[in-house]
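The numbering used here numbers the first residue of the sequence shown as 860 and each following residue consecutively. Positions of the beta carbon are idealized from the N, C-alpha and C atoms, including for glycine. Worksheet: the structure to be examined is printed underneath.
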Amino acid sequence: MNALRVGLAAGGSVTVSAASGAGLTAAAGGYAASAGVSRAGGRAGSSSAMLGPEYGVGRADWKTTDEEIEARKMPVDSGQTLLEGYTFDDVALVPKYSSLTSRTEPSLETWFTRNTTIGMPLVASNMDTVMGPELAEVLIANGGMPIMHRFTDLETQVAWSRQFAGNVFISAGFNDVDNLGPCFDAGAVGVCIDVAHGHTSTMIDFIKHIRDEYPDKQIIAGSVCTPLGYQDLVEAGAHVIRVGVGCGAACSTRIVTGFGVPQFTAIHQIAKVAREMRVPFIADGGIRNSRDVVLALAAGATSCMMGNLFAKTFESAAPKYIRLNTDSDFDVVHPVKVGTDMPFKYDVFALYRGQASEHFQSDYFGGVKKGTVPEGVDFTTRVSGSAQDLLDNLLGGLRSGMTYGGARTIEELQRKAEFIKVTSNYAAESFPRIHQ
């Protein structure tokens, strides 16, 4: 059984990787707790000392050589052989010796930005059919940090910033710069610059502008899927980077354009640079269950962002639809009328849509811009239950995974992680086989 190093060596062969590159380790420069680090919703008794050295203060003296830039380009290796890319389904973790006596022992505290920690590593996507005040309340109660979407009026954004002051990020596109000041004044701690392709000169200039105008506010930037993209946004001044292009459930970018890096490989490769630059990153997209959460964090992400899973909760901002257990058509129900006490006779569905879908663009922009095509889809999906039930399921699975990895902290999980490449038969062997 060969251990996996994501990407190929010069000869094109997959080589043994032990845990190197899988995590963000103290030996690689680390990220230690320091004075001035803020905590968002940390659990009682939690300590930033458990997080290891500071993830925080990025390297101000970072200088990039031409050789380093070339080394961080991903398309081909030195032998002009195509690199291999891996999704979460292509890999598995090797169990490790564990001294933990209970699945409740692991701490889920993690770095959200380079100077802020959160009590658990799950983040709801800042999409219009996902994030709203009800879901934000559940996230904060569990130690999380909500990121409100930008597809509403300024008055609503300011109200959200005031309602969750000190515990909320807002979102902005390149044309929303005038909205930042009022939201920051109302209590937003930072902004998520929300664009599909984040490795651009426009993004870098926008980060620098926000950094100069609002030096005490934090910046989430992305999305990127390469080490060089991560590095450029960190050097511009971002406090945390979103990683993931084309892997969301409602995204069709890879099919439309041909561009995108498989999510596990993107995380694993970027983690190698993050060890040196010490700025956290969010694995955004492709998360379907607790297994994917464990793999993403073990590969080096410090938190995971999900849209579809949260959209399917009662508390999401998604419009809800009901259908009686008959052959009748859908009947629209106003979201506030849909709750966890819905009678069992109803099947409840949520509308989930990508922000580049034709459905969304028609609603928000009046149609798809001439000369462009949609890069997303919309669909209805069955509501799974409450947001608390979802968090309990995902976080319980994460704790179980950490015990198999012999890890009391996410940083220890990363440090000890050993991945193997698996075939499609791995999934067949892994799922319960109740009909055999």
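* To do: Could you tell me which of Glu1270, Thr1059, His1068 and Ile1100 sits nearest to Ile1079, measuring between CA atoms?
  => Counted from its first residue, the sequence shown places residue 1079 at position 220. Ile1079 has its Cα closest to that of Ile1100, out of Glu1270, Thr1059, His1068 and Ile1100.
* Asked: Which of helix, strand or coil does DSSP assign to Met1164?
  -> On the sequence shown, residue 1164 is found 305 positions in, with the first residue counted as 1. Looking at Met1164 - three-state DSSP - the assignment turns out to be strand.
* From the DSSP output, in three-state form, read off Val950 for me. => Reading the sequence shown from its first residue, position 91 is the one you call residue 950. DSSP places Val950 in strand when its eight states are reduced to three.
* To do: Give the DSSP bridge partners of Ser1082, in chain order.
  => In the sequence shown, counting from the first residue as 1, residue 1082 sits at position 223. According to DSSP, which records beta bridges pairwise, Ser1082 is partnered with nothing at all.
* Asked: Could you check where the alpha helix (DSSP H) with Asp1037 kicks off and where it finishes?
  -> Here residue 1037 corresponds to residue number 178 of the sequence shown, with the count starting at 1. Boundaries of the alpha helix (DSSP H) harbouring Asp1037: Val1036 to Ala1045, taken from the DSSP string.
* To do: Could you tell me the distance, in whole angstroms, from the CA atom of Thr1282 to the CA atom of Leu1253?
  => Locating residue 1282 in the sequence shown gives position 423, where the first residue counts as 1. Locating residue 1253 in the sequence shown gives position 394, where the first residue counts as 1. Looking at the two C-alpha atoms, the distance is approximately 25 Å.
* Arg1101 bridges to which residues according to DSSP? -> Against the sequence shown, residue 1101 aligns to sequence position 242. The partner list for Arg1101 (beta bridge, DSSP) reads Ile1141.
* Residues near Tyr1104 in its chain [Cβ-Cβ closer than 6 Å; skip 5 each side] -> Position 245 of the sequence shown holds residue 1104. Here residue 1104 is Val; the residue named in the question, Tyr, does not match the sequence. So the qualifying residues of the chain are Ser1082, Cys1084 and Gly1119.
* To do: Would you kindly work out how many angstroms separate the C-alpha atoms of Asp1064 and Trp970, rounded to a whole number?
  => As a working note, residue 1064 is residue 205 in the sequence shown. As a working note, residue 970 is residue 111 in the sequence shown. The C-alpha of Trp970 is placed about 25 Å away from the C-alpha of Asp1064.
* **From His1294, Ile1181, Glu1271 and Asp948, residue whose alpha carbon lies closest to that of Lys955** => Locating residue 955 in the sequence shown gives position 96, where the first residue counts as 1. Of His1294, Ile1181, Glu1271 and Asp948, the residue nearest in Cα terms is Glu1271.
* Three-state secondary structure assigned by DSSP to Val1195 -> Here residue 1195 corresponds to residue number 336 of the sequence shown, with the count starting at 1. Note that Val1195 scores a pLDDT of 42, beneath 50, so its modelled location is shaky; the value from the coordinates is reported in the next line. The answer is helix: DSSP assigns Val1195 an H, G or I state.
* Which first and last residues belong to the beta strand (DSSP E) in which Leu981 is found? -> Position 122 of the sequence shown, counted from the start, is the residue given in the question as residue 981. For Leu981, the enclosing beta strand (DSSP E) begins and ends at Leu981 to Ala983.
* Asked: Which residues mark the beginning and the end of the alpha helix (DSSP H) in which Lys1275 is found?
  -> Taking the first residue of the sequence shown as 1, we reach residue 1275 at position 416. Looking at the DSSP string, the run of the alpha helix (DSSP H) that includes Lys1275 is Ile1269 to Lys1275.
* To do: Please go through the same chain and pick out, in chain order, the residues whose beta-carbon is closer than 8 Å to the beta-carbon of Leu1092, but skip the five residues on each side of it.
  => If you number the sequence shown from 1, residue 1092 lands on position 233. Once the five neighbours on either side are set aside, the close Cβ partners of Leu1092 are Gly1057, His1058, Met1062, Ile1063, Ile1066, Ala1080, Gly1081, Val1083 and Ile1100.
* **Start-to-end residues for the alpha helix (DSSP H) that takes in Ile1066** => Mapped onto the sequence shown, residue 1066 falls at position 207. Residues Ser1060 to Glu1072.
* Thinking just about the alpha-carbon of each residue, which of Ala1125, Gly1003, Arg1241 and His1008 is nearest to the one in Thr988? -> Sequence index remark: in the sequence shown, residue 988 carries index 129 (1-based). For Thr988, the nearest C-alpha among the options comes from His1008.
* Contacts around Phe1290, its chain only, beta-carbon distance under 6 Å, and the 5 residues preceding and following it disregarded -> Working through the sequence shown from its first residue, we reach residue 1290 at position 431. Closer than 6 Å at the Cβ level, and outside the excluded window around Phe1290, lies no residue.
* Nearest candidate by alpha-carbon position, reference Ala839, set Gly944, Phe947 and Thr963 -> Shown here, the chain extends from 860 to 1295; a query on residue 839 therefore has no answer.
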